[in-house]
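Colleague: When you number the sequence shown by this note's numbering, it's gap-free, plus one each residue, and the end is 402.
Even glycine gets a Cβ: it sits at the ideal position worked out from N, Cα and C.
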Amino acid sequence: MHPADSFSNLQLRSEQLTPLQGLLLEPLARRYRLLRQGVNAVFFILVWSLLLGLYLQPWWPLSVAISDASYHGLWIVPLLGLLRALYCWQADKHKLFALREHDISYKSGIFFQAMITQPVVRIQHIELKQGPLERKTALARLQLFSAGGAMHTFEIPGLQLEQAQQIRQFVLQHKDALQDEQQQ
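(1) Comparing C-alpha positions only, which one of W277, F261, I334, A247 sits nearest to L241?
(2) Would you please state the rounded distance, in angstroms, between the beta carbons of A164 and R386? I believe it to be under 8 Å.
(3) Could you please give me the residues that DSSP links to M333 through a beta bridge?
(4) Here's the rule I'm using: 16 or more other beta-carbon atoms within 10 Å means buried, otherwise exposed. How should L246 be labelled?
(5) Three or more beta-carbon pairs under 8 Å between the stretch 372-379 and the stretch 244-262, yes or no?
(6) Cα separation between P296 and Q275?
(7) For R318 and S285, I'd like the C-alpha separation in whole angstroms.
(8) State the beta-bridge partners of E244 as determined by DSSP.
(9) Any contact between the stretch 264-279 and the stretch 300-314? By contact I mean 3 or more CB pairs, one from each, below 8 Å.
(10) Ordered along the chain, which non-local residues of its own chain (more than five positions away) have a Cβ less than 6 Å from that of L235?
(11) Taking the alpha-carbon of K347 as reference, which of T355, K325, L300, R359 has the nearest alpha-carbon?
(12) Give the straight-line distance between the Cα atoms of P350 and L357, rounded to the nearest whole angstrom.
(13) Which one of E345, V338, L280 has the shortest CA to CA distance from H320?
(14) Using CA coordinates, which residue listed in S267, L280, W278 is at the minimum distance from L292?
(15) Let me check one thing: in DSSP terms, what residues is S232 bridge-paired to?
(16) Within the same chain, show all residues whose beta-carbon is closer than 8 Å to that of Q255, passing over the 5 residues directly before and after it, in chain order.
(17) If we call anything under 7 Å between Cβ atoms a contact, is S323 one with A332?
(18) Assuming L379 and I344 form a contact by the criterion Cβ under 8 Å, report the distance between their Cβ atoms to the nearest whole angstrom.
(19) Alpha carbon to alpha carbon, what distance is there between Q381 and T355?
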């Protein structure tokens, strides 16, 4: 049988399509949110400590402008740290993903929400990434690359390592099976 003999391009009505809003989305690992909060806290504590050290240092006189800036920074930096912590906590709650038989979806955003769905057969390769803190907390990120792009199509952060490995393996096996099925 020739591949062109099995080709079809039937018209579909929009009511027949499965809505993406009906997807059962899974949240990221709770450890991911805690890790991000910890990194955020360490960063802002270091910046605050540097400002405090600059403001209190006895070795050379500070100009009025630098003294005022460091003084104001001592309350602005913690305020910014708190606002960033609150934003990240809420933003991480809105990062969700779904894996279906033929595609994988990732949703994110608090104010401006975006959902990216990538068909499994269009995935060129998939990478499992871990930084040092992710390795220590058994977390991983999956980067999905599609045809025609040098950058990854999207990244799913904050997955438990075992879960990320299982998803990666599923995508690789399922992609090959679908391509074999299409070639027959």
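Modeller: Short version:
(1) Counting from one through the sequence shown, the residue named residue 241 turns up at place 23. Checked all of W277, F261, I334, A247; the closest Cα to L241 is I334.
(2) For residue 164 there is no data in the structure shown, the boundaries of the chain being 219 and 402.
(3) Residue mapping note: residue 333 aligns to position 115 of the sequence shown, counting from 1. Looking at the DSSP assignment, M333 forms a beta bridge with K325.
(4) Numbered from its first residue, the sequence shown carries residue 246 at position 28. By the neighbour-count rule (16 or more Cβ atoms within 10 Å), L246 is buried.
(5) yes
(6) Numbered from its first residue, the sequence shown carries residue 296 at position 78. Numbered from its first residue, the sequence shown carries residue 275 at position 57. Distance between the alpha carbons of P296 and Q275: 20 Å.
(7) For the purposes of this step, residue 318 is identified with residue 100 of the sequence shown, where counting begins at 1. For the purposes of this step, residue 285 is identified with residue 67 of the sequence shown, where counting begins at 1. Looking at the two C-alpha atoms, the distance is approximately 57 Å.
(8) What you label residue 244 is simply residue 26 of the sequence shown in a count that begins at 1. Per DSSP, F315.
(9) no
(10) For the purposes of this step, residue 235 is taken as residue 17 along the sequence shown, with counting starting at 1. Closer than 6 Å at the Cβ level, and outside the excluded window around L235, lies no residue.
(11) Residue numbering aside, residue 347 sits at position 129 when the sequence shown is read from its first letter. With distances taken between Cα atoms, K347 lies closest to R359.
(12) Walking along the sequence shown from the start, residue 350 turns up at place 132. Walking along the sequence shown from the start, residue 357 turns up at place 139. Using only the alpha carbons, I get a separation of about 10 Å.
(13) Residue numbering aside, residue 320 sits at position 102 when the sequence shown is read from its first letter. For H320, the nearest C-alpha among the options comes from V338.
(14) Within the sequence shown, the letter at position 74 stands for residue 292. When each option's Cα is compared against that of L292, the closest is S267.
(15) Translated into positions along the sequence shown, residue 232 becomes position 14. Answer is none; S232 lacks a bridge partner.
(16) Start at 1 with the first residue of the sequence shown, and residue 255 comes out as number 37. If we look at Q255 and ignore the five residues flanking it on each side, its Cβ neighbours are A303, C306, W307.
(17) Position 105 of the sequence shown holds residue 323. Position 114 of the sequence shown holds residue 332. No; because the gap between Cβ atoms is not below 7 Å, this pair is not in contact.
(18) Residue mapping note: residue 379 aligns to position 161 of the sequence shown, counting from 1. Residue mapping note: residue 344 aligns to position 126 of the sequence shown, counting from 1. Not really, about 15 Å apart at Cβ, beyond 8 Å.
(19) Counted from its first residue, the sequence shown places residue 355 at position 137. Counted from its first residue, the sequence shown places residue 381 at position 163. The straight-line gap from Cα to Cα measures roughly 14 Å.
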